[in-house]
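Numbering (our numbering), first residue to last: 1416 to 1532.
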């Protein structure tokens, strides 16, 4: 049983298990990463929650050198996070893309003056 600085046992520390699950907030959603799988939950514009579960790739032991391992993990985690962020943005923002867009000031100018552009 774990003890704190006062040498008293900590409450609830007898059956605690360490977890290796992490997460990241997304646009209208959440990314959860475990050792073997990743899950992305995103709320669609209609209010439904879409859940996507993927297997994670097995890490290579070639990059098990201390400083190289950290750099490789940083890049792979950033890649995974950005892919999930872009996926959630695509799902959550489909309603805004469907709305009709107004032409920009340049487009209106180009329509009025076709010889100048």
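C-beta: ideal position from N, C-alpha, C; glycine also.
- In the displayed model, residue 1509 falls within a helix according to three-state DSSP.
- Only exposed fits residue 1436, as fewer than 16 other CB atoms lie within 10 angstroms of its CB.
- Under the three-state reduction of DSSP output, residue 1495 falls in the helix class.
- Rounded to whole angstroms, residue 1524 and residue 1516 show a C-alpha spacing of 16 Å.
- Listed in chain order, the non-local C-beta contacts of residue 1453 below 6 Å within the same chain comprise 1469, 1471, local neighbours out to five positions each way being set aside.
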